[in-house]
Every structure is written in structure tokens, then in C-alpha cells.
Amino acid sequence: MIRFFTKDQYKNLVWLVWAVLAILQASFTELMDDEAYYWVYSGHLDWGYFDHPPMIALLIKAGFALFHNELGIRAAMIVMNILTLVLVDRLIPHKNYRVFYLILAGMGAMQVGGMLAVPDIPLIFFATLYFYIYRNFLESQSWKNTFLLGLSMALMFYSKYHGILLVFFTLIANLHLLRAYRYYIAVLITTVLFFPHLYWQYTHDFPSLQYHLVERNASSYDISYTLDYVLGQVLLFGPLIGWLLLYYAFRSQVQSNNFARALKYSLVGVLAFFLFSTFKGRVEANWTVMVFAPLMILAHQTIVRQELSLKILKVTFWPSLILVLIVRVYLVWDFMPGVHVRPEIHNNREWTADVAARAEGRPVVFLNSYQLPSKYRYYAGGVSYSLNSAFSRRSQYNYWNTEESLWGKDVLLVSNHPGAFAYTDSVVSPQGKLYLKTASPYFSYSLIQFAPAEKDFHAAPGETLQLKLGVQNGYTAPVLLNDARVGYALRKGEEWNFTEQGDLLLADALKQDSVVLKITAPQEKGTYTLKVSVFALPELPPTHNSQGLKLTVE
Numbered sequence: 001m002i003r004f005f006t007k008d009q010y011k012n013l014v015w016l017v018w019a020v021l022a023i024l025q026a027s028f029t030e031l032m033d034d035e036a037y038y039w040v041y042s043g044h045l046d047w048g049y050f051d052h053p054p055m056i057a058l059l060i061k062a063g064f065a066l067f068h069n070e071l072g073i074r075a076a077m078i079v080m081n082i083l084t085l086v087l088v089d090r091l092i093p094h095k096n097y098r099v100f101y102l103i104l105a106g107m108g109a110m111q112v113g114g115m116l117a118v119p120d121i122p123l124i125f126f127a128t129l130y131f132y133i134y135r136n137f138l139e140s141q142s143w144k145n146t147f148l149l150g151l152s153m154a155l156m157f158y159s160k161y162h163g164i165l166l167v168f169f170t171l172i173a174n175l176h177l178l179r180a181y182r183y184y185i186a187v188l189i190t191t192v193l194f195f196p197h198l199y200w201q202y203t204h205d206f207p208s209l210q211y212h213l214v215e216r217n218a219s220s221y222d223i224s225y226t227l228d229y230v231l232g233q234v235l236l237f238g239p240l241i242g243w244l245l246l247y248y249a250f251r252s253q254v255q256s257n258n259f260a261r262a263l264k265y266s267l268v269g270v271l272a273f274f275l276f277s278t279f280k281g282r283v284e285a286n287w288t289v290m291v292f293a294p295l296m297i298l299a300h301q302t303i304v305r306q307e308l309s310l311k312i313l314k315v316t317f318w319p320s321l322i323l324v325l326i327v328r329v330y331l332v333w334d335f336m337p338g339v340h341v342r343p344e345i346h347n348n349r350e351w352t353a354d355v356a357a358r359a360e361g362r363p364v365v366f367l368n369s370y371q372l373p374s375k376y377r378y379y380a381g382g383v384s385y386s387l388n389s390a391f392s393r394r395s396q397y398n399y400w401n402t403e404e405s406l407w408g409k410d411v412l413l414v415s416n417h418p419g420a421f422a423y424t425d426s427v428v429s430p431q432g433k434l435y436l437k438t439a440s441p442y443f444s445y446s447l448i449q450f451a452p453a454e455k456d457f458h459a460a461p462g463e464t465l466q467l468k469l470g471v472q473n474g475y476t477a478p479v480l481l482n483d484a485r486v487g488y489a490l491r492k493g494e495e496w497n498f499t500e501q502g503d504l505l506l507a508d509a510l511k512q513d514s515v516v517l518k519i520t521a522p523q524e525k526g527t528y529t530l531k532v533s534v535f536a537l538p539e540l541p542p543t544h545n546s547q548g549l550k551l552t553v554e
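Structure (C-alpha cells):
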């Protein structure tokens, strides 16, 4: 069978089989949590979102306009996945198709994950397109290639911020670009095209940078962050031959070739960057997917040029395909109900229907989860919202004005933690029990933000601080108020230690441009994260109503 695919004329058959498998997989696999979240993105098109740039939302919007199902959500990803392979094929000179297909067969993540509606797929495609155009730019710095280079960089940035690393390491690999004025023109084109997103970040106080560079950092280092990252990279590019492909790619000789050097610098640079990032917190394995093309090209060239043995690739060919087949089947059919591997992809229609039955037409508010309300909205079709407390991470739900339609109404509260409130009912989901309670009437105010003049404070134990805060009302409709009060929450390390509901009524705060909030420093010395919060209902935790502020008690 391997010999059958050694000739160029069978290449289109490989692409066809790849596409058919992806279409079938996309059609019959339920949405993963993040896919549902990005589908909700697509219903609120904007120049930016809390977690990511807008490319994923636009692509889902386009596909869902054609097919109102899981296939529609993933349609654009399938096209990009195929086009990525086509570009990689064109980027490899002196191809040995036996080596090419052996490598491709071993890269399970590209086979199974290539149809998922996540930002990684457009990032991989536009990163590969960027390298394709960069090679053309090296051959001819024409105005056409200059514009396309600038465009490809912008599209890469609109997919995921990590793309900037490829541009940086490409430049490091070829500092002569700094003497090419058309390279500066390409960068200018990128800046102009990417400006709408930068402006969106500016008008929203750079939430993505705040989250990815500050809020995600762990309070202390854990060696598991590094070990999990290293193992994750081997599995990501394998699972059986990831280590071998990385080894071959690192062995590649690129001294006299600017393009090959860009590939290797990008591969090594990206992997090293995220390796060092593990000293600040957990790094997801998929953050490095943008180096798929450099890895495959360099590994292929090393094997072909150095005439290395194909024994390991041949031995792992069938086991890799069988493993991929098992994963494909599991994504569609939960044949291991006792094994909790990605339970989010199964039984979503059942648990959302159970919640909808309890809701009886009422809106559903999920606590501290962007995944659950997104799944509920897609599979049950009901109105849903994520209320994120000060104790959890923010999400894009913190920036939508859904709350305006919920004020004063009866809603069903849902949490996956039994201690969140005094629940009266529960349902079972693939990821555990969900606890339910009716809130009547409902109020929350996530779009009201308090901005301090400073973000770093010092105090003695027990000292009272007068915190001056600017008041920002993000709602488009008149605010329907209850007796909500403004207070704060304090965190030391990973644990939230203290909350305090102040005397300041939210109704009074909204009448002023700025207010003063009294903060009492803890008795225990140390560094704390402080968040200004609104206490809207007795049964609900305080919400995010400011960025995290640093309080040092000494």
C-alpha cells in the first residue's frame, strides 16, 4: 500500500480520502467545549474577543451559513486543513512521496484534529501560507510578494497571537531583511490591516494581553508544567513518531539556505519559547501547532538528504493509522463509557435537554463556565449566559450585554460545584453533576467596571486604604438596579482568602464619575490580588468588576 502512494499522480487521491474522512468526522462528532464557545462568538462578530482575534468567528460564521450543523461550524477548517497539506507539499523540494506519506500517516493530531473549529487550524494554514509567500519573497522582492507577505502576516495574527513568534524568528534567521525596504513595507501593510483589532484591544483595556500575560501566570513553579509540555509536544507531533520527527528536524542542515534557516529557527525558537514559558505557568501542548509545516519539511529533508532509515516510520505506519481510527470512532461513539477521555464530546443533547426541561422556558445562567452556556445555547437553543465570579477567570461573556435581557426575570442558575449556592435540583452531565436553583428576580452587573488610578498598592496589616475608582458603565440600555453593593475580593497565591461587601450602593456609584472604596488590608503579610466586585444577589458570589490589582501587605 505504501508503494502505491509513491507517485505524484496518487496525491489527489490522498487529499480526497483525507477530505472525506474529515467531512464524516466533522458531521458525526459533537462539538467540543471550545468549538461551541467560538460558535457563540460567530453570533457576535467583532474585531476582537477576550480570548482570541476574530478569525475563528468569521470562519465559523461562513460555514454555518451553508450548513446549520456541526459540519457547517467546521467546514472552513476542513478546507484549510487540506490547503495546508497542499502548501506543505509545494514547499518541499525534491520530494520522496514515500517519506512524505509515512510522516503524514504518523501525525495523528493533523488527521483527527484538522477538522476542529478552533483557532489553531487557521493559524496552521496561515503560518504555512506565510512561509510559502516568504520563500517567494526571498526569490523576488516584487510588489506582489511584498503585499502578499504583509497580508499573510496579518491573517496569521488575526488567527492567533502566537503567529508573531514566527515573524520574529524568521527575522532573527535573516537579519538582512532589516536592509530590505520592501520588508518594511510588508510590515506596514500588516500593521494597517491589523490595526482594527489593535484598536479593539485599546478600547477594551487590552483584555487579551492582561489575561494571557498576567492572569494566566501561576503563583509558583511546578515541575509538572515542564514535564507535561515536553510530553505534550512528542504526542502532538506523533503520537508514535513525534520524538523521531523532532529529532530529524533538529538534525537538518540549513546554513546556506535562508528559507530553510527560517524554518529551523522558527521550529526551535517556538519550542524553546514555550518551554521557558512553563516556568511561569502551564503551557497547552497545542500552542506550538504553528510549526507543523517547518517540522514536516525539515524532517522530510533530513531523511531524504541523509538517506536515513525508514524502518521506524514503516513499523509505526499501521499502528499509527489504527490508533487514529480508534480515536475517530471514539469521537463519534462513546464505546468506553467508564473512561473519561474528553467526555465533553458525548451526550450533549441529553444533558442540555434535561436542563432545558428544568428551565421551563426561562433563561439559564451558568456560574464560572464559558463552555456550558455555549453548549446549552447550541444544543438546546435556549437563552444562556455565563456569570463569572471574582474567583474564576473572565471570558467573552464578560463583554456581551446579555445581562440586560435578564434583569428582573426568573432564571435558572446552574453550577458544577455543589457549594456555589443552596441548590434545589441537579442533573447529570458527561463531566459530572450540575446543580440547579431558581433566582427570582435575577440581577448581575458584569459590564460595570471600576478603574483605579494605580494598580499597585502597599499597606500595613489591618490598615484601611481609600481606593479611588473611576466608574465605567458598559451597558447600552438603562441599568435596572436592585440593592447591589460594591465591595472587593482578595486572593493570596491560588486561593481566594476574603471577600468584603462594602456600604457603597451600586446605584449611588453609577451617579458619579468616580467613587472611593474602603479596603482593609489583611493581617497576614504577603502579596495579594485584589478585585473590585459587585455583590448583586445574596445567593451569588461577587463578580469581576475590575482588573486584578496588586496589594502588598508589609
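Residues in the sequence shown are numbered from 1 upward in steps of one, following our numbering.
Cβ atoms here follow ideal geometry from the backbone N, Cα and C, with glycine treated the same way.
Fair warning: this is a prediction, and the values are worked out from it, not measured in the lab.
Neighbourhood of residue i by C-beta, 7 Å cutoff - its chain only, sequence neighbours within 5 removed
i: residue 534; result: 445, 448, 484, 486, 506, 542, 543 and 545
i: residue 75; result: 63, 66 and 67
i: residue 569; result: With the chain covering 1 to 554 only, the question about residue 569 has no answer from this structure.
i: residue 244; result: 312
i: residue 127; result: 156, 163, 166, 290 and 293
i: residue 141; result: 180 and 182
i: residue 147; result: 189
i: residue 88; result: 128, 293, 296 and 297
Where residue i falls, given that 16 or more other Cβ within 10 Å makes a residue buried
i: residue 333; result: exposed
i: residue 35; result: buried
i: residue 361; result: exposed
i: residue 120; result: buried
i: residue 314; result: exposed
i: residue 336; result: exposed
i: residue 192; result: exposed
i: residue 51; result: buried
i: residue 421; result: buried
i: residue 12; result: exposed
i: residue 388; result: buried
i: residue 255; result: exposed
i: residue 307; result: exposed
i: residue 491; result: buried
Same chain, Cβ closer than 8 Å to residue i, neighbours up to 5 away in sequence not counted
i: residue 15; result: 82, 85 and 86
i: residue 310; result: 98, 99, 102 and 303
i: residue 269; result: 165, 168, 169 and 172
i: residue 249; result: 264, 267, 294, 295, 298, 299 and 302
i: residue 116; result: 32, 35, 74 and 77
i: residue 573; result: Nothing in the structure corresponds to residue 573, since the chain is present only between 1 and 554.
i: residue 226; result: 275, 278 and 279
i: residue 358; result: 412, 425, 427 and 436
Spatially closest choice to residue i from the options, by CA coordinates
i: residue 266; options: 177, 356, 164 and 54; result: 164
i: residue 213; options: 175, 161 and 489; result: 161
i: residue 27; options: 53, 396 and 77; result: 77
i: residue 176; options: 262, 42, 113 and 474; result: 262
i: residue 21; options: 437, 550, 327 and 398; result: 327
i: residue 397; options: 474, 297, 470 and 336; result: 474
i: residue 549; options: 224, 106 and 210; result: 210
i: residue 410; options: 537, 55, 199 and 531; result: 537
i: residue 144; options: 329, 182 and 91; result: 182
i: residue 58; options: 25, 122 and 110; result: 122
i: residue 439; options: 197, 539, 405 and 104; result: 539
i: residue 418; options: 406, 237 and 435; result: 435
i: residue 344; options: 10, 13, 29 and 19; result: 29
i: residue 317; options: 38, 104 and 19; result: 104
i: residue 408; options: 307, 125, 441 and 424; result: 441
i: residue 25; options: 451, 329, 286 and 437; result: 329
i: residue 221; options: 241, 251, 204 and 275; result: 275
DSSP bridge partner residues for residue i (one or two, in chain order)
i: residue 491; result: 496 and 529
i: residue 427; result: 434
i: residue 319; result: Answer is none; residue 319 lacks a bridge partner.
i: residue 456; result: 550
i: residue 362; result: Answer is none; residue 362 lacks a bridge partner.
i: residue 470; result: 451 and 514
i: residue 386; result: 366
Same chain, Cβ closer than 6 Å to residue i, neighbours up to 5 away in sequence not counted
i: residue 366; result: 372, 373, 386 and 414
i: residue 482; result: 443
i: residue 149; result: 133, 137 and 186
i: residue 560; result: This structure cannot speak to residue 560, because the chain is shown only from 1 to 554.
i: residue 229; result: 278 and 283
i: residue 205; result: none
Check: residue i C-beta below 7 Å from any heavy atom of the ligand FAD
i: residue 287; result: Only the bare structure without any ligand can be found here, which leaves the ligand FAD out of the picture.
> Taking one C-beta from the stretch 277-296 and one from the stretch 186-200 each time, how about it: are there three or more such pairs within less than 8 Å?
Replying inline: No, because fewer than three Cβ pairs between the stretch 277-296 and the stretch 186-200 fall closer than 8 Å, the two stretches do not touch.
>> For the pair the stretch 348-357 and the stretch 312-323, tell me if three or more CB-CB distances fall below 8 Å.
In response: The stretch 348-357 is not in contact with the stretch 312-323.
> Between the stretch 459-469 and the stretch 515-524, are three or more C-beta pairs nearer than 8 Å?
Replying inline: Contact between the stretch 459-469 and the stretch 515-524 is present: three or more C-beta pairs spanning the two stretches fall below 8 Å.
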